[in-house]
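J.: I'd like to ask you about the structure that follows.
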Amino acid sequence: MQPKLKMRLGDLLVHEGVISEEQLQQALNAQRQSGRKLGHTLTDLGLVSENQLLTFLSQQLNVPFIDISTRSLPPETIKLLPEVQARRYRALVLENNLEYILVGMSDPADLAALDTLANLLKKPIKVAVVRESQLLSAFDRHYRRTEDIASFAQELASEHREATDFDFADMGAEEEDTAVARLLKSIFEDAVQMQASDIHIEPDEQLLRIRLRVDGVLQENLIKESNIASALVLRLKLMSGLDISEKRLPQDGRTHIKVKGHHIDVRLSTMPVQHGESVVMRLLDQSAGLLTLEETGMPEAMLVRFRQLLKRPHGMVLVTGPTGSGKTTTLYGALSELNQPGVKIITVEDPVEYRLPRINQVQINHKIGLTFSNVLRTTLRQDPDVIMVGEMRDHETSEIGLRGALTGHLVLSTLHTNDAISSAIRLLDMGAPGYLVASSLRAIVAQRLVRRVCMHCAEPYQPDRDELFWLSSLANDVSSIEFKHGRGCDQCHQTGYHGRIGVFELLEMTEGMMSALKVADTNGFSLAAKKCSGYQPLSKAALDYARQGLTTVEEVLKLVEMVLDDQAMPKVAEANS
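Note that the UniProt record's numbering gives residue 308 to position 308 of the sequence shown, counting from 1, and the numbers run on in steps of one.
What follows is the structure, encoded as structure tokens:
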């Protein structure tokens with residue numbers, strides 16, 4: 001049976017004393033201007049909270065108020081209602097039994113929507129109240145584009161039986177509705193909904209793999225129409241301005257797309273493989289904006305020290321870690337804080353990932369000789385206060401950067417090393433003089449990304465014997481820690497994880513470290529660094545997150561294995577013998 005109100009929502013709220021007559025008139029005036037529903041207008045104006053409004057509706061309509069964030073929702077049940085209608089009426093099918101269908105709605109008093117839903121579902125419906133934010137999140141999780149991708153792939157394969165016949169060189173705006181365009185649009189929409197950082201398109205002999213990297217882990221979708229791979233690659237090459245006739249050599253390109261209201265920069269890399277060309281696309285959501293230093297997950301005490309380093313007028317600060325560890329995000333967060341009218345900032349990058357106002361950003365182009373070292377020499381003559389170098393790649397770049405830090409500039413840069421201690425040693429290995437490294441280097445931040453435990457399905461976790469043994473190398477009291485992991489739910493796509501957080505170590509130079517660097521004494525530098533009072537290695541920082549229930553034992557041990565060498569880790573075999 002459909003719930004019915006005896007009077008309009010606004011009058012009912014006034015009658016029950018939730019809002020005053022004056023507040024109702026204020027909301028109605030605002031509603032006429034915005035065109036939004038009254039309930040949304042009331043919450044936007046702060047006259048009632050969403051929770052207060054939905055609880056009131058639940059009581060007045062005698063329908064349940066359901067939290068769907070922890071509820072398991074079968075895909076076949078949800079898809080009884082097409083996505084277009086679900087989003088239009090803010091409705092989600094929660095349950096389907098022999099007698100009725102339970103539908104969650106953000107506005108169960110919308111009688112027109114109820115009548116339409118009853119006609120669409122062809123069955124008696126019962127209604128539950130659900131938060132709109134939860135509904136929108138559920139739409140993105142459950143109405144994925146996997147079926148559209150498979151359908152468009154079949155359509156594309158039927159249009160073009162032979163992959164060698166594809167020719168998209170003359171494709172114009174009028175052909176945007178082709179099967180390949182719709183297929184790519186669905187792939188990008190699926191990636192945006194899943195908040196993927198990368199898309200991998202990998203041709204195989206009998207099928208095509210499309211994999212999305214979500215929270216650092218690849219999720220796979222298989223397409224049996226393997227002959228469409230070259231069509232996708234050709235279209236992507238056209239979008240990125242690459243040579244469509246060149247299939248034997250790798251190529252790199254860039255394009256910009258707009259998907260579901262998101263402005264996405266796409267960095268594309270092609271590589272010839274056995275059954276065609278593999279494509280990897282890095283997605284940079286410009287709409288999301290830059291993360292602040294607080295949002296990276298850097299601990300408060302470390303953040304205070306890092307900001308003090310950024311206030312120094314000169315010296316070099318390095319951010320290190322492997323590819324995909326969040327180094328650039330941290331540097332851009334630092335640049336955002338330094339970006340003031342009185343500060344001249346120049347960046348030298350390959351590629352420029354985010355466009356920032358007031359900052360002079362230079363894109364490296366090796367084809368015309370615009371290299372890091374060449375640009376960096378000119379940069380020093382441009383009277384900068386702060387210089388950001390995308391990466392210290394070679395001896396020449398590192399030495400120019402170090403000399404720039406020595407002559408009155410704050411230089412920020414990255415290195416691909418495992419931890420903070422090995423970064424300074426890496427500069428020596430690249431040929432930088434020890435005295436120059438000691439005089440210029442001020443601090444090193446090493447970082448990794450670990451997956452967060454899904455808060456919706458987190459539960460206590462007891463490590464096994466081997467895990468406890470490995471953890472005991474990091475701390476003495478691990479047996480008393482109450483660890484957590486996620487059992488898997490709809491919110492985290494059954495992975496037990498949702499999102500990532502940065503793990504950091506900060507090493508500030510001391511007299512002992514600088515003395516060792518001057519004479520290129522790498523062992524002496526390592527010993528001095530480990531004795532530094534404020535230094536905590538990445539592995540212990542990750543364990544602190546596990547102690548707080550933010551990440552899992554699995555993620556801690558994965559990080560430990562990446563960072564520590566074999567000699568630093570005890571042998572499980574010896575411990576069990």
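Ideal Cβ positions, reconstructed from N, Cα and C, are used throughout, including at glycine. None of the values given here were measured: they were computed from a predicted structure.
#1: Which of the three DSSP states, helix, strand or coil, is assigned to Ala-173?
#2: Since Leu-13 and Ile-19 are thought to touch, with beta carbons under 8 Å apart, how far apart are those beta carbons, to the nearest angstrom?
#3: To the nearest angstrom, how far is it from the Cα of Glu-162 to the Cα of Asp-243?
#4: What would DSSP say about Cys-457, mapped onto helix, strand or coil?
#5: I'd like the span of the alpha helix (DSSP H) that includes Val-553, first residue to last.
#6: Can you find the residues in the same chain that come closer than 6 Å, C-beta to C-beta, to Ser-58, ignoring five residues on each side of it along the sequence?
#7: Touching or not, the segment 450-458 and the segment 496-505, by the rule of three or more beta carbon pairs under 8 Å?
#8: Is the segment 334-352 close to the segment 428-442, with three or more CB pairs under 8 Å?
#9: Provide the residue span of the beta strand (DSSP E) that contains Tyr-497, from first to last.
#10: Can you give, in chain order, each stretch of the alpha helix (DSSP H) that sits fully within the segment 459-483 and has at least 4 residues?
#11: Looking at the structure shown, is Pro-75 part of a helix, part of a strand, or coil, going by DSSP?
#12: Would you kindly work out how many angstroms separate the C-alpha atoms of Glu-482 and Ala-475, rounded to a whole number?
#13: By how many angstroms is the C-alpha of Ala-179 removed from the C-alpha of Leu-94?
#14: Starting from Asn-221, follow its DSSP beta bridges and name the residues at the other end.
#15: Is Leu-98 close to the ligand ADP? I mean its beta-carbon at under 6 Å from any heavy atom of the ligand.
#16: Could you tell me how far apart the beta carbons of Ile-444 and Leu-507 are, in whole angstroms, since I believe they sit closer than 8 Å?
#17: DSSP state of Gly-431, grouped into three classes?
#18: So the alpha helix (DSSP H) Ala-109 belongs to, where does it begin and stop?
#19: Could you check what DSSP says for Asp-566 in three-state terms: helix, strand or coil?
#20: Given this structure, state the Cα-to-Cα distance separating Phe-166 from Lys-258, to the nearest angstrom.
#21: Going along the chain, which residues of its own chain have a beta-carbon closer than 6 Å to the beta-carbon of Ser-423, five neighbours each way excluded?
#22: Is Gln-251 helix, strand or coil when you go by DSSP?
#23: Measuring CB to CB, does Tyr-435 end up less than 7 Å from Lys-518?
#24: Quick check: what's the CA-CA separation for Lys-247 versus Ala-546?
#25: Jot down the residue ranges of each uninterrupted alpha helix (DSSP H) in the segment 342-390, minimum 4 residues, whole runs only, in chain order.
#26: Could you say if the segment 118-135 and the segment 89-105 meet the contact criterion of at least three C-beta pairs nearer than 8 Å?
#27: Could you tell me which residues DSSP puts in a beta bridge with Phe-65?
#28: Give me the Cα-Cα distance between Ser-472 and Lys-558, rounded to the nearest whole angstrom.
#29: Taking 8 Å as the cut-off, does the segment 457-466 touch the segment 402-415 (at least 3 CB pairs, one atom from each stretch)?
#30: Output the distance between the C-alpha atoms of Thr-255 and Thr-510, rounded to the nearest integer angstrom.
#31: Would you kindly work out how many angstroms separate the C-alpha atoms of Leu-293 and Val-386, rounded to a whole number?
#32: Look at the alpha carbon of Asp-44 and the alpha carbon of Gln-134, and state the distance between them as a whole number of angstroms.
#33: Starting from Ala-179, follow the beta strand (DSSP E) in both directions and report where the run begins and ends.
#34: Helix or strand or just coil, what does DSSP make of Asp-11?
#35: Would you give the residue range spanned by the beta strand (DSSP E) that Arg-282 belongs to?
#36: Which ranges would you report for the beta strand (DSSP E) in the segment 285-321 if only whole runs of at least 3 residues count?
T.: Based on what the coordinates show:
#1: Note that Ala-173 has pLDDT 42, beneath the 50 cutoff, so the model's placement of it is unreliable and no number is given.
#2: Taking 8 Å as the upper bound for CB-CB distance, Leu-13 and Ile-19 are in contact here, some 5 Å apart.
#3: Low confidence applies here, because Glu-162 scores a pLDDT of 40, under 50, leaving its location unreliable and the question unanswered by this model.
#4: Of the three classes helix, strand and coil, the one that applies to Cys-457 here is coil, per DSSP.
#5: 553-563 is the extent of the alpha helix (DSSP H) around Val-553.
#6: So the list reads Phe-65 and Val-129, once near-sequence residues are dropped.
#7: Verdict: yes, contact present.
#8: Because the criterion of three Cβ pairs below 8 Å is not met, the segment 334-352 and the segment 428-442 do not touch.
#9: Counting along the chain, Tyr-497 sits inside the beta strand (DSSP E) bounded by residues 497-508.
#10: Counting only runs of 4 or more, we get 465-472.
#11: Here DSSP, grouped into helix, strand and coil, assigns Pro-75 to helix.
#12: Between the alpha carbons of Glu-482 and Ala-475 lies a distance of about 14 Å.
#13: A straight line joining the alpha-carbon of Leu-94 with that of Ala-179 spans about 33 Å.
#14: Per DSSP, Ile-210.
#15: Among the components modelled here there is no ligand, and therefore nothing to report on the ligand ADP.
#16: Rounded to whole angstroms, the Cβ separation of Ile-444 and Leu-507 is 5 Å, and the two are in contact under 8 Å.
#17: Assignment of Gly-431 by DSSP, reduced to helix, strand and coil, places it in the coil class.
#18: If you look at Ala-109, you'll find it isn't in any alpha helix (DSSP H); DSSP assigns it neither H nor E.
#19: Any reading at Asp-566 needs caution, since the residue's pLDDT is 36, under 50, leaving its predicted position unreliable; the model's value is listed next. DSSP, reduced to helix, strand and coil, places Asp-566 within a helical segment of the structure shown.
#20: Low confidence applies to Phe-166: its pLDDT is 34, below 50, so where it sits in the model is not reliable enough to give any reading.
#21: Setting aside the 5 residues that flank it on each side, Ser-423 is surrounded in the same chain by Leu-318, Thr-320, Leu-415, Thr-417 and Ile-444, each with a C-beta closer than 6 Å to its C-beta; the list follows chain order.
#22: Strand at Gln-251.
#23: A contact, by the Cβ cut-off of 7 Å.
#24: Roughly 47 Å separates the two Cα atoms.
#25: List check, alpha helix (DSSP H) in window: 372-380.
#26: Contact between the segment 118-135 and the segment 89-105 is present, because at least three Cβ pairs lie under 8 Å.
#27: Assignment of beta-bridge partners to Phe-65 by DSSP yields Val-129.
#28: Going from the Cα of Ser-472 to the Cα of Lys-558 covers about 15 Å.
#29: No: fewer than three Cβ pairs fall under 8 Å.
#30: Here the C-alpha atom of Thr-255 lies approximately 45 Å from the C-alpha atom of Thr-510.
#31: Rounded to whole angstroms, the separation of the alpha carbons of Val-386 and Leu-293 is 18 Å.
#32: Taking the straight line from one Cα to the other gives about 17 Å.
#33: No beta strand (DSSP E) contains Ala-179, which is instead part of the alpha helix (DSSP H) from 179-193.
#34: Looking at Asp-11 - three-state DSSP - the assignment turns out to be helix.
#35: Where Arg-282 is concerned, the enclosing beta strand (DSSP E) stretches over 276-285.
#36: Here the runs fully enclosed are 315-320.
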